[in-house]
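Below: the structure, in structure tokens.
Residue numbers (my numbering), protein chains in the order written: chain A, 64 to 165; chain B, 680 to 1156.
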């Protein structure tokens, strides 16, 4: 999991998320407020909307990446390490994967 | 063959063993098995116990002609053997709590693998089985090496369709998972959920981002334009990972938002505690000790509890050392059983199944997801039918010999059945003035029917005098 700068109990990722949500609402106005989905009929590609939405969010989060890098640089702060696989479960000596030599 | 859609390999069950033939998926699987995350996941039990077979063992296994044929057809490079999960179950039989847990596991995997340069190529609940209350990610061919510059999570839409929208539709509109995932392999499209929404809901979260925006964008998108499916690769791998991680975090928050609340109520959720319950305290304690004695005497390893309600007797069997499948047709009570068993770490698998209309076979040739009865017959050492057969007799109008025959097909050894007589207030509530239809349901008739397939080991009438408990042993063992 991503751990951003923790200030006032808000992670960097959460701030990015809020920005993303706010941008989403703005974007909503941009593409026409009361749009209509119409009826999904044969030969349409209903999955495309989710993909485009993901790309739009990714675009905004990407912009936040530079903003975040800039603010980190400004504050001379270091970025936190990336996901900690240790959170997956208790450690033990024995592994459940076996490679048979036979 | 259990699975065949993935061109990278296939899963086969042969004589009780589970083999995975790995063809073109071998490099991805090897990369995954070599990763630090895989080792941790195996140790945590979040992946099935797996053995990569050596050359000698492969040759031995391929003595089986069907396995050999499949291995050749798939241009097999590797053969691995997985543990057998005691009772396979499907998302359309889970209470929503279990679908949520399976979704969390899927996101955990997707995020933890990022640091190993790996990712998930699909994200569907069909990749998950439950070992007791715990989800296990079974599809080892879902892992793939990622392009470090790729900021998109390709299975994002599939995750939304098969986890998020079914949970959302269940929570907000009461759409059962059986309906959104049963006959549909690919869950719900945003466009389908959109039709349920009122004008205000459409612009409110979480519907806005999950349903309305994708539906509007999809409707405006030129369907001949396939450019959106082209891979977008960023030069800055750190940025790509930041975006992906943010997307996955966002998805986790969304999934938690559509999780079922813990205090849900239904007709049956208060059955054991409310005044509507027909158990006088002395009746209940007699029943408890009757079941406890039966469990002690026969020490069943696998137990099926039919109509489990609060799971009281399932928990009792699990504490006595059995692996229990607890079924009830009410998803709310099944969800509670899951929460209870999980907090006590008991080996109980709660499923939303009505034994009078058990889960049908699903998928290609009706062979991908076997029916509940196919999986259950002969899989249990003991079957508990406590305070349930009067529902089958009266509400479902199933004749008594049919019910006893099914019990005998399900168990390998014993059955504990509670017979409720016509004088019982619960029985009368169910008959709704049609008592004439059930005149033949006497204790004497019940015992005559039992004797066809079972031997009556002992029976006991409860103090109220309208209920009798029977410990039955299957004949011809």
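Using N, Cα and C, we set each Cβ at its ideal position, and we do this for glycine too.
All values reported here derive from a predicted model rather than from experimental measurement.
Contacts around residue i, its chain only, beta-carbon distance under 7 angstroms, and the 5 residues preceding and following it disregarded
i, result
"residue 1164/B", "Shown here, chain B extends from 680 to 1156; a query on residue 1164/B therefore has no answer."
"residue 1089/B", "983, 1055, 1056, 1059, 1062"
"residue 681/B", "690, 691, 692"
"residue 732/B", "740, 758, 759, 760"
"residue 930/B", "786, 838"
"residue 845/B", "778, 856, 859, 860, 866, 867"
"residue 715/B", "795"
"residue 699/B", "688, 690, 759, 761, 819"
"residue 880/B", "886"
Neighbouring residues, chain B, relative to residue i (Cβ below 9 angstroms)
i, result
"residue 136/A", "The contacting residues do not exist; residue 136/A stays about 14 angstroms from chain B at best."
"residue 130/A", "Simply none; closest approach about 11 angstroms."
Sequence-distant residues of the same chain with beta carbon closer than 6 angstroms to residue i, five excluded per side
i, result
"residue 771/B", "856, 857, 860, 861"
"residue 945/B", "1009, 1011"
"residue 794/B", "none"
"residue 155/A", "Bear in mind that the predicted position of residue 155/A carries a pLDDT of just 41, short of 50, making it too unreliable to give a figure here."
"residue 93/A", "Annotation note: pLDDT 48 at residue 93/A (below 50); position unreliable, no value reported."
"residue 954/B", "Because residue 954/B sits at a pLDDT of 45, beneath the cut-off of 50, its placement in the model cannot be relied upon, and the following sentence gives the value as read from the coordinates. No residues qualify anywhere along the chain."
"residue 1141/B", "962, 965"
"residue 729/B", "759, 761"
"residue 1030/B", "768, 772, 1006"
"residue 1100/B", "1145"
"residue 922/B", "830"
"residue 704/B", "687, 688, 820"
"residue 106/A", "Bear in mind that a pLDDT of 48 at residue 106/A, under 50, signals an unreliable position, so the number given afterwards is only what the model happens to contain. Taken in chain order, the list of residues that qualify is empty."
"residue 790/B", "927"
"residue 755/B", "700, 702"
"residue 763/B", "697"
"residue 95/A", "Any reading at residue 95/A must be qualified, since the residue scores a pLDDT of 48, below 50, and its modelled position is unreliable; the value itself is stated next. Around residue 95/A: no qualifying Cβ."
Neighbour list for residue i in chain B, Cβ cutoff strictly below 7 angstroms
i, result
"residue 110/A", "836"
"residue 121/A", "830, 831, 922, 926"
"residue 172/A", "Lying before the first or after the last residue shown, residue 172/A is absent from chain A, which here runs from 64 to 165."
Whole-Å CB distance - residue i paired with residue j, under 8 angstroms assumed
i, j, result
"residue 115/A", "residue 991/B", "Rounded, the Cβ-Cβ distance is 50 angstroms, inconsistent with contact."
"residue 819/B", "residue 691/B", "Contact flag wrong, Cβ pair sits at about 14 angstroms."
"residue 919/B", "residue 834/B", "The pair is not a contact, with the Cβ atoms about 16 angstroms apart (cut-off 8 angstroms)."
"residue 1028/B", "residue 842/B", "The Cβ separation is near 19 angstroms, so there is no contact."
"residue 814/B", "residue 916/B", "Not really, about 31 angstroms apart at Cβ, beyond 8 angstroms."
"residue 774/B", "residue 1019/B", "Residue 774/B to residue 1019/B, Cβ: 12 angstroms. No contact."
"residue 711/B", "residue 797/B", "6 angstroms"
"residue 822/B", "residue 799/B", "7 angstroms"
"residue 1074/B", "residue 1109/B", "6 angstroms"
"residue 872/B", "residue 896/B", "With a Cβ gap of about 15 angstroms, residue 872/B and residue 896/B do not count as contacting."
"residue 894/B", "residue 870/B", "5 angstroms"
8 angstroms CB neighbourhood of residue i in its chain, flanking five on each side removed
i, result
"residue 1042/B", "864, 1048"
"residue 1032/B", "772, 1006, 1007, 1008, 1038, 1051"
"residue 975/B", "999"
"residue 882/B", "891"
"residue 104/A", "Note that residue 104/A scores a pLDDT of 45, beneath 50, so its modelled location is shaky; the value from the coordinates is reported in the next line. The answer is none, since no qualifying residue turns up."
"residue 721/B", "728, 729"
"residue 914/B", "828"
"residue 1139/B", "965, 969, 1147, 1148"
Under 8 angstroms from the C-beta of residue i: neighbouring residues of chain A
i, result
"residue 841/B", "Those within 8 angstroms of residue 841/B in chain A number zero; the least Cβ separation is about 12 angstroms."
Amino acids of chain A, ordered along the chain, whose beta-carbon sits closer than 9 angstroms to that of residue i
i, result
"residue 731/B", "160, 161, 162, 163"
Amino acids of chain A, ordered along the chain, whose beta-carbon sits closer than 7 angstroms to that of residue i
i, result
"residue 846/B", "The premise fails here: residue 846/B is roughly 16 angstroms from chain A at the closest Cβ pair, so nothing lies under 7 angstroms."
Within-8 angstroms CB hit, residue i to chain D
i, result
"residue 923/B", "Protein chains in the displayed structure are A and B, and chain D is not among them."
Quick check: the stretch 802 to 818 of chain B against the stretch 772 to 785 of chain B, are at least 3 beta-carbon pairs closer than 8 angstroms? yes
- Is there contact here, the stretch 973 to 986 of chain B with the stretch 1058 to 1073 of chain B, by at least three beta-carbon pairs under 8 angstroms? yes
| Positions along the stretch 885 to 908 of chain B whose CB lies within less than 8 angstroms of some CB in chain A | 887, 888, 891, 892, 893, 894, 895, 896, 897, 898, 899, 900, 902, 907, 908
In the stretch 852 to 876 of chain B, which residues sit with their C-beta less than 7 angstroms from some C-beta in chain A, listed in chain order? 868, 869, 870, 873
What residues from the stretch 906 to 929 of chain B come within 9 angstroms of chain A, judged by C-beta to C-beta, listed N to C? 907, 908, 911, 913, 915, 917, 918, 919, 920, 921, 922, 923, 924, 925, 926, 927, 928, 929
message: Please list, in chain order, the residues of the stretch 807 to 836 of chain B that have any C-beta partner in chain A closer than 8 angstroms.
response: 830, 831, 832, 835, 836
*Chain-ordered residues of the stretch 697 to 715 of chain B with a beta carbon less than 8 angstroms from chain A*: 712, 715
Examine the Cβ distances between the stretch 124 to 138 of chain A and the stretch 904 to 912 of chain B and report whether three or more of them are shorter than 8 angstroms. no
Original post:
Does the stretch 1071 to 1082 of chain B come close enough to the stretch 1111 to 1130 of chain B to have 3 or more Cβ pairs within less than 8 angstroms?
Top reply: yes
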